[in-house]
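Visitor: Everything in the sequence shown is counted per UniProt numbering, starting at 1 for the first residue and increasing by one.
Beta carbons: idealized from backbone N, C-alpha and C, even for Gly.
Everything numeric in this text was worked out from a predicted model, so none of it was measured.
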Amino acid sequence: MPLTLTDKVSALSGVGPKREQALQDLGIFTIDDLLSYYPYRYDDLGERLPSETLDGEKVTFKGVISTPAVVRRYGKRSQTAIGLLVDRENVRVTFFNQPWIAKNLEVGQEVAVYGTYNAAKAALTAIKLVPASIDGLAPIYPVSKAIKAKTIAELVEQAWGQLRGSLPNLVPTALREKYRLLDKNQQVEYSHFPKDKVESKAGRRSAAFEEFFLFQMRLQLIKQADQRFLGEALNYDKKQVADFIQSLPFQLTGAQQRVVDEILADQAAPQHMNRLLQGDVGSGKTVVAAIAMYAAVTAGAQGAIMAPTEILAQQHAKGLAKLFESAGIHLRVELLTSGLKAAQRRQILEDLESGDIDIVVGTHALVQDGVYFHHLGVAVIDEQHRFGVKQRAKLREGGVNPDILAMTATPIPRTLAITAYGEMEVSIIDELPAGRKPIITSQLSNRQYDQAIDLLRAELAKGAQAYVVTPLIEESETLDVQNVTAVYQELQEALPDYTVGLLHGRLPKEDKDVLMAGFANNDVQVLVATTVIEVGVDVPNASIMLILDADRFGLAQLHQLRGRVGRGDRQSYTVLLADPKTDYGKERLAALVQTTDGFELAQRDLELRGSGDILGTKQSGMPDFKVGDPVKDLTMLTIAQEEALKLVRQPDWEQEVDNQALVDKLSTTMAAYRHFD
Ligand code: ADP
Ligand code: MG
Numbered sequence: 001m002p003l004t005l006t007d008k009v010s011a012l013s014g015v016g017p018k019r020e021q022a023l024q025d026l027g028i029f030t031i032d033d034l035l036s037y038y039p040y041r042y043d044d045l046g047e048r049l050p051s052e053t054l055d056g057e058k059v060t061f062k063g064v065i066s067t068p069a070v071v072r073r074y075g076k077r078s079q080t081a082i083g084l085l086v087d088r089e090n091v092r093v094t095f096f097n098q099p100w101i102a103k104n105l106e107v108g109q110e111v112a113v114y115g116t117y118n119a120a121k122a123a124l125t126a127i128k129l130v131p132a133s134i135d136g137l138a139p140i141y142p143v144s145k146a147i148k149a150k151t152i153a154e155l156v157e158q159a160w161g162q163l164r165g166s167l168p169n170l171v172p173t174a175l176r177e178k179y180r181l182l183d184k185n186q187q188v189e190y191s192h193f194p195k196d197k198v199e200s201k202a203g204r205r206s207a208a209f210e211e212f213f214l215f216q217m218r219l220q221l222i223k224q225a226d227q228r229f230l231g232e233a234l235n236y237d238k239k240q241v242a243d244f245i246q247s248l249p250f251q252l253t254g255a256q257q258r259v260v261d262e263i264l265a266d267q268a269a270p271q272h273m274n275r276l277l278q279g280d281v282g283s284g285k286t287v288v289a290a291i292a293m294y295a296a297v298t299a300g301a302q303g304a305i306m307a308p309t310e311i312l313a314q315q316h317a318k319g320l321a322k323l324f325e326s327a328g329i330h331l332r333v334e335l336l337t338s339g340l341k342a343a344q345r346r347q348i349l350e351d352l353e354s355g356d357i358d359i360v361v362g363t364h365a366l367v368q369d370g371v372y373f374h375h376l377g378v379a380v381i382d383e384q385h386r387f388g389v390k391q392r393a394k395l396r397e398g399g400v401n402p403d404i405l406a407m408t409a410t411p412i413p414r415t416l417a418i419t420a421y422g423e424m425e426v427s428i429i430d431e432l433p434a435g436r437k438p439i440i441t442s443q444l445s446n447r448q449y450d451q452a453i454d455l456l457r458a459e460l461a462k463g464a465q466a467y468v469v470t471p472l473i474e475e476s477e478t479l480d481v482q483n484v485t486a487v488y489q490e491l492q493e494a495l496p497d498y499t500v501g502l503l504h505g506r507l508p509k510e511d512k513d514v515l516m517a518g519f520a521n522n523d524v525q526v527l528v529a530t531t532v533i534e535v536g537v538d539v540p541n542a543s544i545m546l547i548l549d550a551d552r553f554g555l556a557q558l559h560q561l562r563g564r565v566g567r568g569d570r571q572s573y574t575v576l577l578a579d580p581k582t583d584y585g586k587e588r589l590a591a592l593v594q595t596t597d598g599f600e601l602a603q604r605d606l607e608l609r610g611s612g613d614i615l616g617t618k619q620s621g622m623p624d625f626k627v628g629d630p631v632k633d634l635t636m637l638t639i640a641q642e643e644a645l646k647l648v649r650q651p652d653w654e655q656e657v658d659n660q661a662l663v664d665k666l667s668t669t670m671a672a673y674r675h676f677d
């Protein structure tokens, strides 16, 4: 039987159960997987003369062995040395810890050795013996302990020997021509066995496009399926919604009005809404959510909003109730969190199911089993990035298929928007309410702590309030509490004229409530807190935030924290106290001082960190690309998206002969991508 792409790797000779397992651990199940397992780099085996080689350079010398191999052993370690006559120069070549190699090295034999050159000693520290037949580039594969790069190279060679020239193209011909991409067979050949850098680059370019294109095709198909999936056309009361907007204590910004229109149109349409609302901290997303939920209520349905923390859920519940009340709208808003007493909880669940509750605000408790709605019209997920993909999905289960409005204040750079959230429609609030003054951020070293406290005092003297944020100590929550408590005691002494409050995750819920209410009413002027205040908390009179050991926080988190000030008319300040040790630490803080634009920060963060480490890949739902780099190859990713969208919009694309391999490939792999919804 001839080998096919869908065969298991065990079809290759030399692959028994153990090796098959090792390959599977690398994600290589089939021959197709193996041939798509591209090298992550190539060793330049470019052969040169010693006189052309710089000190410390990696190089391949080809020559004749001039002196017999001498093995020296030092306990477990060893050195094997030979003389190698390269052209007319003698080079001393040393292999470390490979004593067995001596038997392959006979005087007079011609060999090529790849290694690092020491010019002063005319010596080469060998990395490996190179088969004399290879010149050009040697592929280096990512490997595990259980399997060597060389083994993978051999298996690829074996498979390629049988399949060479027979691979169908996944990227349609028209696109390959338009973007000068290689035929699939050339792509594989150039990726695994390039003769030179030109070939390896061309191979990588085509492979990256193919990878992005397949990814985007899957995403577009999921999106299409989701849109076909009938949602519900909410017949909301236009007049009532307009009246509500009229009666708000402020006028919506242009950006808010625009996204409200987008959302209302989605709600009214029979398709299911799956929309991501991005808006920087303080841009006013909550009121947009309130309008969407109110629209659902006017249509006889319910609204739900899910927040990542209890504090935030409570604040939303209060804020929403107040907002509706002041507009003279009578509806019932309830809070459902895990902190409720059993009897209260039972009552709320009952009233949710009977439809007695119009709007429910909650934490994860909202997506637990046993929560049923009478008729959920729209589910809002606040601070979207804090929720896992599973929880997003869960809200959509349970028979109902409410419209989804996911909100995030973590600005999503384009890379992420078209990968992790690619299946969603996106609305952006790119404007802050009028009168907001940009927050002034400064960085002080830890030694300047007193200076920071002076700044804080000056703000307090003006009648403003302050946050002091202590870092999360990852090693232990106990240390965390000790640390925040120490800072709290210190500040109580330093600021005898003011009331200082202490907030951390271990406090009982009642205490947290009392404290937050006290801070909101200005009974407490200084709030010393761990990152529990990171998201959402809204006290417009707070004008200064001190962040201790700021280098312990990630950039996105610092930006979130900073967003707790600058929410009212006061000029606000953030002071970062830190002595960053790494370059990344320094640049991160410098970026915060330079700009308050969350989108710019997010893009910078992405560049500083590289795509491998965005928000912790798992959390962000960032797919794991093997060849392409969604940050560096953003243009290509964008093009892949556009082309995928164009293709799925063609009515007959699945029937076209040229697309058959693509259709097959997508149908066998779609199942694995279901978790993107
Ligand atoms: P975020 O987008 O960070 O969730 P919020 O919804 O909490 O922002 O809004 C921040 C603050 O701005 C709140 O106090 C809110 O009442 C206020 N706000 C929202 N929209 C406007 C507006 N158009 N004009 C003035 N203030 C507004
Ligand atoms: Mg918010």
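Where DSSP assigns a beta bridge to S51, which residues make up the other side?
Guide: S51 is not bridged to any residue.
Visitor: Here's the rule I'm using: 16 or more other beta-carbon atoms within 10 Å means buried, otherwise exposed. How should K184 be labelled?
Guide: K184 should be labelled buried.
Visitor: Should residue 686 and Y38 be called a contact, given that it needs their Cβ atoms to be closer than 7 Å?
Guide: This structure cannot settle anything about residue 686, because the visible part of the chain is limited to 1 through 677.
Visitor: Does the distance from the CB of V333 to the CB of I291 come in under 7 Å?
Guide: No. Outside cutoff.
Visitor: Looking only at DSSP bridge pairs, what is T67 linked to?
Guide: Its beta-bridge partners are G83.
Visitor: In this structure, what does DSSP give as the bridge partners for A61?
Guide: One detail in the question is off: residue 61 reads as Phe in this sequence, not Ala. F61 is bridged to V113.
Visitor: Taking DSSP as the reference, what is the three-state secondary structure of F213?
Guide: Residue state, collapsed to three classes: helix.
Visitor: Comparing the C-beta of A458 with each C-beta of chain B, is any distance below 7 Å?
Guide: Judged by its chain identifiers, the structure shown contains no chain B, having just a single protein chain.
Visitor: Closest by CA to T337, which one among I329, D351, V360 and A321?
Guide: Cα-wise, what sits closest to T337 is V360.
Visitor: Mapping the DSSP letters down to three states, classify Q257 as helix, strand or coil.
Guide: Q257: helix per DSSP, three-state reduction.
Visitor: Does the distance from the C-beta atom of G501 to that of L515 stay below 7 Å?
Guide: Yes. Within cutoff.
Visitor: Between the alpha carbons of Y584 and L546, how many angstroms are there, rounded?
Guide: Between Y584 and L546, the C-alpha separation is close to 21 Å.
Visitor: For the beta strand (DSSP E) that contains V648, what are its first and last residues?
Guide: Here V648 belongs to no beta strand (DSSP E); instead the alpha helix (DSSP H) covers L634 to R649.
Visitor: Consider the C-beta atom of P308 and the heavy atoms of the ligand ADP; say whether any pair is separated by less than 6 Å.
Guide: P308 Cβ: outside cutoff for every heavy atom of the ligand ADP.
Visitor: Counting C-beta neighbours from all protein chains within 10 Å, is the total for G203 16 or more, i.e. buried, or is it exposed?
Guide: Buried, since its Cβ has 16 or more Cβ neighbours within 10 Å.
Visitor: With DSSP collapsed to three states, give me the class of Q278.
Guide: DSSP places Q278 in strand when its eight states are reduced to three.
Visitor: Go ahead and pull the three-state DSSP assignment for D583.
Guide: Three-state DSSP puts D583 in a helix.
Visitor: Name the DSSP beta bridge partners of I147, please?
Guide: Partner(s): S144.
Visitor: Please report how far the alpha carbon of residue 678 lies from the alpha carbon of S354, in whole angstroms.
Guide: There is simply no residue 678 to check, as the chain begins at 1 and stops at 677 in what is shown.
Visitor: Do the region 311 to 319 and the region 274 to 283 touch if we need at least three Cβ pairs shorter than 8 Å?
Guide: Short answer: they don't touch.
Visitor: If you measure from the CB of D597, is any heavy atom of the ligand ADP nearer than 6 Å?
Guide: It does not: the Cβ of D597 is nowhere closer than 6 Å to a heavy atom of the ligand ADP.
Visitor: Using a Cβ-based criterion (distance less than 6 Å to any ligand heavy atom), does A242 qualify as near the ligand ADP?
Guide: A242 Cβ: outside cutoff for every heavy atom of the ligand ADP.
Visitor: Have a look at H316, T596 and L182 and flag the residue whose alpha-carbon is nearest the alpha-carbon of G165.
Guide: Checking every option, the nearest Cα to that of G165 belongs to L182.
Visitor: When every heavy atom of the ligand ADP is checked, does at least one fall within less than 6 Å of the C-beta of F519?
Guide: Incorrect: F519 has no Cβ contact closer than 6 Å to the ligand ADP.
Visitor: Taking the CB atoms as reference points, tell me whether T80 and A102 lie closer together than 7 Å.
Guide: Yes. Within cutoff.
Visitor: In angstroms, rounded to a whole number, what distance separates the CA positions of I117 and W653?
Guide: Per the sequence shown, the amino acid found at residue 117 is Tyr instead of Ile. C-alpha separation (whole angstroms): 55 Å.
Visitor: Counting only the same chain and skipping the five closest in sequence on each side, list residues whose C-beta sits under 7 Å from that of T456.
Guide: Checking the sequence, you will find Leu at residue 456 rather than Thr. Answer for L456: A466, I544 and L546, listed in chain order.
Visitor: On the three-pair Cβ rule with 8 Å, is the region 481 to 490 touching the region 559 to 578?
Guide: No: fewer than three Cβ pairs fall under 8 Å.
Visitor: According to the neighbour-count rule (16 or more other Cβ atoms, all chains shown, within 10 Å of its Cβ), is A542 buried or exposed?
Guide: That one is buried.
Visitor: At a cut of 8 Å, does the region 296 to 307 reach the region 626 to 633 through at least three beta carbon pairs?
Guide: No, the region 296 to 307 is not in contact with the region 626 to 633.
Visitor: How would you call Y141, buried or exposed, if buried means at least 16 neighbouring beta carbons within 10 angstroms?
Guide: So Y141 ends up on the buried side.
Visitor: In terms of alpha-carbon separation, which member of L252, A242, I245 and D237 lies closest to A268?
Guide: Comparing Cα-Cα distances from A268 to each of L252, A242, I245 and D237, the minimum goes to D237.
Visitor: Give me, in chain order, the residues of the same chain whose beta-carbon lies closer than 7 Å to that of A153; leave out the 5 immediate sequence neighbours on both sides.
Guide: Correct list, in chain order: P139 and Y141.
Visitor: Would you tell me roughly how many angstroms separate the C-alpha atoms of D403 and L527, rounded to the nearest one?
Guide: Computed Cα separation, rounded: 37 Å.
Visitor: Keeping to the same chain, check which residues put their C-beta closer than 6 Å to that of S667; ignore five residues upstream and five downstream.
Guide: Closer than 6 Å at the Cβ level, and outside the excluded window around S667, lies no residue.
Visitor: Helix, strand or coil for R73 per DSSP?
Guide: Three-state result, R73: strand.
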